[in-house]
Amino acid sequence: MTRDKVPTLQEFVEGLEKRNPGQPEFIQAVKEVAEGVLEHVRDHPRYNDHQILERLAEPDRVISFRVCWHDDKGHVRVNRGYRIQNNNAIGPYKGGIRFHPTVNQSVLKFLAFEQTFKNALTGLPMGGAKGGANLDPKGKSDAEIMRFCQSFMSELYRHLGEDVDIPAGDIGVGGREIGYMFGQYKRITNRYVGVLTGKGMEFGGSPIRVEATGYGAVYFMEDMLKRVNESLEGRTCIVSGSGNVAQHAVEKILALGGKPVTLSDSSGFIFDKAGISTEKLAFVKDLKNNRRGRIEDYAGEFGAEFHARARPWTVPGELAFPCATQNEISADDAKTMLSNGVVAVAEGANMPSTLEAVKLFQYARIKFAPGKAANAGGVAVSGLEMSQNSARITWKEQELQRLLRDIMQEIHDRCQHYGGVAGEANYIDYVKGANVGGFVKVADAMIAQGIV
Ligand code: NDP
Ligand code: 2IT
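Next comes the structure, spelled out in structure tokens:
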């Protein structure tokens, strides 16, 4: 075999940019991975011989399709749907579906790429994918959402299967949307199979799937702190978002004795100096999940501060949990956080920190857990939902609680194993740890399966 020279980061990124014009989020995600992985590839040239990173950065398949539906006034609406199947070397394609006006090919390619590494880190047999549509669910009626989900699935179903590709929820897609999509898949195919995860408990869902991402991110924080004999007890926590991940992060922070003081949505953030209690969290769940209202209502209800069109990173605190969306922490935000005393960040969202912010956190040597490690609890329990569906059985909640806790600990330890930094015994680079840890598993499987 002819041995090619391992590219420098700059050479690799130049090629990437040339092949993917107008896709900044995708380039950002691949660049972050390439940094640590190329270093590893230099010491293990077989990965370069097989062009593994180059192959991983070219999705197996990009599917794009039209979604038409009728709104309640009888008007025809047209949206664009996607499924990006990034890699299935270690298992069938797996990853969420996002409905949000910002959805485009770049965003979904970054998410599918990240998912490939994240799923490998869970230790479960799942490849990486992501899908979605540029739909804005805000202000849509239940009936409109149902018709949209049905139309979306009428095309997507042909690319799915319980051993082919198994979507789940993400931003704008929760239990309601999964239910409608499952119903349409069953209707079209006449098959009752575990083709989606995050299903309702009455039709094949798994205990704690709803809670898993938020809980998992807090467990990861707990493990980073435990390593240096610290805990969440009594510490102020800055949380962004107020959806599925943020709500359950707050729930677990409270259970572990931390003090969450912020939440946000796309219109601004609330700062509750007294702390968000279990009772106040119940209000948020009802507001967001049932009434589909705005976080500003929290301020009115409990006398907290509301800051319009702003993010919570100016609020002082030690532990940060970004749980809303990508690129919500800029370099300036990171500087403010560091000067306010943030000592650890666990990303509940996917890529909430910009590359510059990540660099600042790394340079400051704080504990920084990237999303593909810290938020992997959700897809891990999705993997366990698939196992339960295949066996046609539901495991007990206690068993799933234990499995989630163990899996998060194992992901932490895997990142620690690959994230060591020469000459700094006490520092773990969790970014490098997660990227290399996820990469080697997928890479070895790809090499074993040949050039396909
Ligand atoms: P939800 O739709 O339940 O909640 C999303 C939250 O983020 C809402 O508060 C929303 O505010 C806010 N948000 C979304 N987009 C923006 C934006 N552009 N600017 C400001 N705020 C925004 O989604 P999830 O909680 O499920 O997802 C949150 C993050 O976690 C995403 O990055 C997702 O990819 C990631 N994730 C989710 C997993 C899961 O299991 N659900 C698993 C792993 C990662 P508003 O209501 O105003 O839109
Ligand atoms: O980003 C993610 O990991 C998710 N949205 C969950 C994916 C899944 O298949 O459970």
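Numbering (the working numbering), first residue to last: 33 to 484.
All residues carry an ideal CB built from backbone N, CA and C; glycine is no exception.
- Between the alpha carbons of Met233 and Thr357 lies a gap of roughly 27 Å.
- By the C-beta density criterion, His107 is exposed, having fewer than 16 other C-beta atoms within 10 angstroms.
- Here the stretch 139-152 makes no contact with the stretch 218-238; the two share fewer than three CB pairs at distances below 8 Å.
- Shortest Cα-Cα distance from Ser238 to any of Leu416, Lys367, Ala281 and Ala89 involves Leu416.
- With fewer than 16 other Cβ atoms inside 10 Å of its own Cβ, Leu41 counts as exposed.
- Taking a 10 Å sphere around the C-beta of Gly273, we find 16 or more other C-beta atoms and assign the residue as buried.
- A contact between stretches requires three or more CB pairs, one per stretch, nearer than 8 Å, and the stretch 155-171 fails this requirement with the stretch 447-461.
- Its chain contains Gln448 and Gly451 as the residues whose beta carbon lies nearer than 6 Å to that of Ile460, once the 5 sequence neighbours on both sides are disregarded; these appear in chain order.
- The stretch 363-376 makes no contact with the stretch 287-295; the number of CB pairs closer than 8 Å stays below 3.
- The Cβ atoms of Gly201 and Glu209 sit closer than 8 Å to each other.
- Between Glu262 and the set Val242, Tyr330 and Leu351, the nearest pair of CA atoms involves Leu351.
- If you check the CB distance, Val277 and Phe184 do not come in under 8 Å.
- If you check the CB distance, Thr229 and Met440 do not come in under 8 Å.
- For Glu86, the three-state secondary structure derived from DSSP is helix.
- Shortest gap from the CB of Ala366 to any heavy atom of the ligand NDP: 7 Å or more.
- Spatial neighbours of Ile95 in its own chain (CB-CB distance under 7 Å, excluding positions within 5 residues in sequence) are listed in chain order as Tyr114, Arg115 and His191.
- With a beta-carbon spacing of about 13 Å, Val413 and Ala249 fall beyond the 8 Å limit used to define contacts.
- Under DSSP, Tyr125 takes part in a beta bridge, and its partners are Gly159 and Asp197.
- Counting along the chain, Asp476 sits inside the alpha helix (DSSP H) bounded by residues Tyr462 to Ala480.
- Taking Lys317 as the centre and dropping the five residues before and after it, the same chain places the C-beta of Gln279 closer than 8 Å to its C-beta, in chain order.
- By the C-beta criterion, the stretch 424-441 is judged not to be in contact with the stretch 377-395, since fewer than 3 inter-stretch pairs fall below 8 Å.
- Bounds of any beta strand (DSSP E) do not take in Arg343, whose DSSP letter is neither H nor E.
- Annotation for Ser96: the continuous beta strand (DSSP E) segment containing it runs Arg93 to His102.
- In the same chain as Arg179, and ignoring 5 residues on each side of it, the C-beta atoms closer than 7 Å to its own belong to Trp101 and His102, in chain order.
- Per DSSP, reduced to three states, the secondary structure at Glu456 is strand.
- Apart from sequence neighbours up to five positions away, the residues of its chain that approach Asn421 with a beta-carbon distance below 6 Å are Gly226 and Gly236, ordered along the chain.
- Sorting Met256, Asp81 and Val196 by C-alpha distance to the C-alpha of Arg93 places Val196 at the top.
- Going by DSSP, Leu70 is part of the alpha helix (DSSP H) stretching over Pro56 to Asp75.
- Distances from the CA of Asn467 to each of Ala175, Ser362, Thr148 and Ile177 were compared; the closest alpha carbon is that of Thr148.
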